[in-house]
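Below: one structure, written as structure tokens.
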Amino acid sequence: MQQIEFDTKWTMVIDVDKCTGCGACMVSCQAENNIAPMEDGSNKLKTLTWLLVYELNNGKDFPERESAYLPRPCMQCGKPACVPVCPVVATTKDEEGGIVSQIYPRCIGCRYCMAACPYHARYFGWFDPIWPEGMEKALSPSTSTRPRGVVEKCNFCHSRLLDARARARAEDMDPNKLPDGWYKPACLEACPTGAISFGDSKNPEHKVHDLIKDKNAFRLLESLGMDPQVYYISRRDWVREQSDNHLPKDKH
Amino acid sequence: MDSNLFPEGVTRCGLPKFSLWMAFVSIFFLWGVYAAVIIFANGIGVTGLDNYFGFGLWITFDLAVIALGAGAFFTGFLKYILKIDQLKNIVNLAVILGFLCYSGAMLILTMDIGQPIRAWFGYWHPNVHSMLTEVIFCITCYCTVLVIEFIPLILEQKQLNKIPFLHHFAHHLHVNMALFAGIGTFLSTFHQGSLGGMYGVMFGRPYAFRDGFFIWPWTFFLFVLSAVGSGPVFTVLVCTLIEKMTGKKLVDYKVKALMGKIAGSMLCLYMFFKIIDTWAWATGYLPSVGFTFDEMFYGNVYGKWLMWTELGLCGVVPAIMLITPSIRNNPTLLYTAAILDCIGISINRYVFTVQTIAIPVMPFDNWEIYTPNWAEWATSGMIVAYGALALSLCYRYLPVFPQEVKLNSNK
Numbered sequence: 465m466q467q468i469e470f471d472t473k474w475t476m477v478i479d480v481d482k483c484t485g486c487g488a489c490m491v492s493c494q495a496e497n498n499i500a501p502m503e504d505g506s507n508k509l510k511t512l513t514w515l516l517v518y519e520l521n522n523g524k525d526f527p528e529r530e531s532a533y534l535p536r537p538c539m540q541c542g543k544p545a546c547v548p549v550c551p552v553v554a555t556t557k558d559e560e561g562g563i564v565s566q567i568y569p570r571c572i573g574c575r576y577c578m579a580a581c582p583y584h585a586r587y588f589g590w591f592d593p594i595w596p597e598g599m600e601k602a603l604s605p606s607t608s609t610r611p612r613g614v615v616e617k618c619n620f621c622h623s624r625l626l627d628a629r630a631r632a633r634a635e636d637m638d639p640n641k642l643p644d645g646w647y648k649p650a651c652l653e654a655c656p657t658g659a660i661s662f663g664d665s666k667n668p669e670h671k672v673h674d675l676i677k678d679k680n681a682f683r684l685l686e687s688l689g690m691d692p693q694v695y696y697i698s699r700r701d702w703v704r705e706q707s708d709n710h711l712p713k714d715k716h
Numbered sequence: 006m007d008s009n010l011f012p013e014g015v016t017r018c019g020l021p022k023f024s025l026w027m028a029f030v031s032i033f034f035l036w037g038v039y040a041a042v043i044i045f046a047n048g049i050g051v052t053g054l055d056n057y058f059g060f061g062l063w064i065t066f067d068l069a070v071i072a073l074g075a076g077a078f079f080t081g082f083l084k085y086i087l088k089i090d091q092l093k094n095i096v097n098l099a100v101i102l103g104f105l106c107y108s109g110a111m112l113i114l115t116m117d118i119g120q121p122i123r124a125w126f127g128y129w130h131p132n133v134h135s136m137l138t139e140v141i142f143c144i145t146c147y148c149t150v151l152v153i154e155f156i157p158l159i160l161e162q163k164q165l166n167k168i169p170f171l172h173h174f175a176h177h178l179h180v181n182m183a184l185f186a187g188i189g190t191f192l193s194t195f196h197q198g199s200l201g202g203m204y205g206v207m208f209g210r211p212y213a214f215r216d217g218f219f220i221w222p223w224t225f226f227l228f229v230l231s232a233v234g235s236g237p238v239f240t241v242l243v244c245t246l247i248e249k250m251t252g253k254k255l256v257d258y259k260v261k262a263l264m265g266k267i268a269g270s271m272l273c274l275y276m277f278f279k280i281i282d283t284w285a286w287a288t289g290y291l292p293s294v295g296f297t298f299d300e301m302f303y304g305n306v307y308g309k310w311l312m313w314t315e316l317g318l319c320g321v322v323p324a325i326m327l328i329t330p331s332i333r334n335n336p337t338l339l340y341t342a343a344i345l346d347c348i349g350i351s352i353n354r355y356v357f358t359v360q361t362i363a364i365p366v367m368p369f370d371n372w373e374i375y376t377p378n379w380a381e382w383a384t385s386g387m388i389v390a391y392g393a394l395a396l397s398l399c400y401r402y403l404p405v406f407p408q409e410v411k412l413n414s415n416k
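Here the protein sequences line up with chains A and B, keeping their order. Taking the numbering used here, the leading residue of the first sequence gets 465, the next gets one more, and so forth. Taking the numbering used here, the leading residue of the second sequence gets 6, the next gets one more, and so forth.
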């Protein structure tokens, strides 16, 4: 599949060393995107968690043991595995900014995109969404709810991008050149430690432009060539080593 | 009681005995219908599938029956295009089996997609880059071709054939069957290949990803070869099963041995490329993305034994058996080889479907185990029961086996 380059590249940078694994990002993501709580959430492989926090460890026993927490939204890959496989063009990467979209009314629920994504960033609506009584009044008005039977995923809170663009138009600015901080996904706002940064990595005025060049910055599964738009930073070698698969003879 | 409906010159068991058999199979069929109703009403959340295993038993079952149903297009190709006349004695059964396998697979697919009502979107919003789009187009077109190939056989039913219009219609369809066989061969070859391509293009999944030729990964060609290497012997096995159940000779053993020879030759070709492919994958591609061969396997359900069984016991062994005349001409050994062949191809479809997505690609991720639940087993069983019911009716009322009268005349 041909890779399309955009003038804007919305990029998330997550400082793993700052993440405490509190899960506030997961909760805010659920609220922002109208993800219904499951009646029985005991099977975590059937729950909807667009943003999932993984617990990593250095493989050693106490007292040398160290842990790290790695939030995993959709990687919004430059060369996504999910897009070329979708039989009905329900998922595409064609909007300025490079967010991989998911068109819920188009999706037939074949789940081929889920099989293709090695990050497990795509989720299937196994059940009809049912909100506890009264909670339906607190749904976010800017995000559509999904029926069961379609694949859904993180879209960098795309509705907030639309809001930011609308604000730019109202203030007579270029909606495709948003100033840093105008467009913030919900997980970023909720993070108590400031571990998440977000912006246009092609715009030198945005913080992430420099962050992705940090010597400790890395992306997940670089060797597969999917070119994710989510970067991580860790000053710990053992965390960075777990970003990709390496053979013992490989130099990290 | 229904003997007027039987094909000319043959005998069949009494209606009560036949009804008892049909009732027995219907129990499994109705159990599956019950599961299907539950699934359509409540969604596929009631199955054992989850966010790790979007593909499971259903897709494995679909791929396996479609490969085993390849006897239809390949036998049709050999009979009508390459004019191997002996195959006329088994081509009817091959066509019926192909139709049952494909229509059964399509029935499963209506359950397998989360939004069955949107199934037509595949035609309305096709993504030309997706192998699945090719599968959707080919599977429906080929199923239509199979219906066209099946219709003349139905019209040749003794009573229907007395109606002049239907008699002539069936005759003309027969005359033009080479055309449909050709179209069917084209469609099914691409369809079998696209199923392989579906996995081969998943570059995020190192177990399945393969480089390839032009837009097709190697798995495209391997799936075609494996299907034609197993479909013909599956037809032979079903034929033999009917013979054992009815106590009649239906097809001359020479025809079965010929089918075994054809499948064996294709299986040899397949195994040659499959072994090279596996070697290149293990020593070339996997290290390039930081994996070792050992990391592709886990526990018993994803163990190396599956690979060695698929390639060795159920691959090389039946291939050698089927191309060796002395072995092939021994019925017990031919059937043994055929069973091994079909098991091997089914294992191949299982590992490509389930093992591919069970492997943790992110280093900090975990292997997950997939267990299909009753709803998936019941609906898969429903398709087998549907096949058994339809095949029973075909055997009883349609002239499926041209040699039956002659082979049983001295009884």
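Where a beta carbon is used, it is the ideal one built from N, C-alpha and C, also for glycine.
Candidates the options: closest to residue i by CA position
i: B:Phe214; options: A:Ala545, A:Ser604 and A:Ala630; result: A:Ala545
i: A:Gly589; options: A:Ala650, A:Ser606 and A:Arg610; result: A:Arg610
i: A:Glu528; options: A:Trp702, A:Asp708 and A:Pro712; result: A:Trp702
i: B:Gly76; options: B:Leu102, B:Val366, B:Trp125 and B:Ile281; result: B:Leu102
i: B:Thr361; options: B:Phe60, B:Pro237 and B:Lys167; result: B:Phe60
i: B:Val51; options: B:Pro377, B:Val206 and B:Gln408; result: B:Pro377
i: B:Met111; options: B:Phe369, B:Gly74 and B:Tyr402; result: B:Gly74
i: B:Leu62; options: B:Gly317, B:Asp117 and B:Phe174; result: B:Asp117
i: B:Phe104; options: B:Leu165, B:Tyr391 and B:Met264; result: B:Tyr391
i: A:Pro712; options: B:Val366, B:Gly289, B:Gly295 and B:Gly265; result: B:Gly295
i: A:Ile468; options: A:Arg633, A:Gly561, A:Ala532 and A:Asp664; result: A:Gly561
i: B:Arg210; options: B:Leu87, B:Ala285, B:Ala363 and B:Tyr258; result: B:Ala363
i: B:Asn388; options: B:Val30, B:Cys18 and B:Leu20; result: Before going further, note that residue 388 of chain B is Ile rather than Asn in the sequence given. When each option's Cα is compared against that of B:Ile388, the closest is B:Val30.
i: A:Glu559; options: A:Ala650, A:Glu686 and A:Leu625; result: A:Leu625
i: B:Met136; options: B:Phe277, B:Ile220 and B:Thr341; result: B:Ile220
Environment of residue i [buried if 16+ CB atoms lie within 10 Å]
i: B:Thr80; result: buried
i: B:Phe170; result: exposed
i: B:Thr65; result: buried
i: B:Ile168; result: exposed
i: B:Phe195; result: buried
i: B:Gly109; result: buried
i: A:Gln693; result: buried
Pairwise C-alpha distance: residue j and residue i
i: B:Asn9; j: B:Ile159; result: 15 Å
i: B:Ala287; j: B:Phe298; result: 6 Å
i: A:Leu515; j: B:Gly201; result: 32 Å
i: B:Ile153; j: B:Tyr85; result: 15 Å
i: B:Phe33; j: B:Leu394; result: 11 Å
i: B:His130; j: A:Tyr568; result: 14 Å
i: B:Lys254; j: B:Lys261; result: 12 Å
i: B:Ala46; j: B:Thr115; result: 13 Å
i: A:Cys574; j: A:Asp636; result: 43 Å
i: B:Trp125; j: B:Ser193; result: 20 Å
i: A:Pro668; j: A:Lys473; result: 12 Å
i: B:Glu315; j: B:Ile43; result: 35 Å
i: B:Pro292; j: B:Lys249; result: 50 Å
i: A:Asn521; j: B:Cys106; result: 48 Å
i: B:Gly317; j: B:Lys279; result: 11 Å
i: B:Val141; j: B:Met203; result: Per the sequence shown, residue 141 of chain B should be read as Ile rather than Val. So the alpha carbons of these two residues sit roughly 12 Å apart.
Proximal residues of chain A, C-beta to C-beta of residue i below 9 Å
i: B:His177; result: Per Cβ cutoff of 9 Å: no residues; B:His177 is ~36 Å from chain A at best.
i: B:Pro407; result: Within chain A, no residue comes near B:Pro407; the closest Cβ sits about 41 Å away, beyond 9 Å.
i: B:Tyr307; result: Chain A residues near B:Tyr307: none, gap ~16 Å exceeds 9 Å.
i: B:Arg354; result: Chain A residues near B:Arg354: none, gap ~14 Å exceeds 9 Å.
Beta-carbon neighbours of residue i, restricted to chain A and to distances below 7 Å
i: B:Ser2; result: In the structure as shown, chain B starts at 6 and stops at 416, and residue 2 of chain B therefore has no counterpart that could be examined.
i: B:Asp420; result: For residue 420 of chain B there is no data in the structure shown, the boundaries of chain B being 6 and 416.
Chain-ordered chain A contacts of residue i [CB-CB under 8 Å]
i: B:Gly50; result: Lys510, Trp590, Phe591 and Arg612
i: B:Thr297; result: Leu711
i: B:Gln120; result: Cys571, Ile572, Gly573, Pro611, Gly613 and Val614
Partner residues on chain B for residue i, Cβ-Cβ distance less than 9 Å
i: A:Ser687; result: Ser293, Val294 and Gly295
i: A:Gln725; result: Residue 725 of chain A lies beyond the stretch modelled for chain A, which goes from 465 to 716, so this question has no answer here.
Per-residue contacts from residue i into chain B (C-beta, under 7 Å)
i: A:Cys483; result: The premise fails here: A:Cys483 is roughly 14 Å from chain B at the closest Cβ pair, so nothing lies under 7 Å.
Cross-chain neighbours of residue i in chain B, by beta carbon under 8 Å
i: A:Asp714; result: Gly295
i: A:Cys581; result: Gly209
The region 596 to 604 of chain A / the region 216 to 232 of chain B touching (three or more Cβ pairs under 8 Å) = no
Any contact of the region 378 to 388 of chain B with the region 35 to 47 of chain B, i.e. 3+ C-beta pairs under 8 Å?
-> yes
Check whether the region 687 to 703 of chain A touches the region 500 to 516 of chain A, taking contact to mean three or more Cβ pairs, one atom from each stretch, closer than 8 Å.
-> At 8 Å Cβ cutoff, the stretches do not touch.
So does the region 89 to 108 of chain B actually touch the region 43 to 62 of chain B, counting three or more Cβ pairs closer than 8 Å?
-> no
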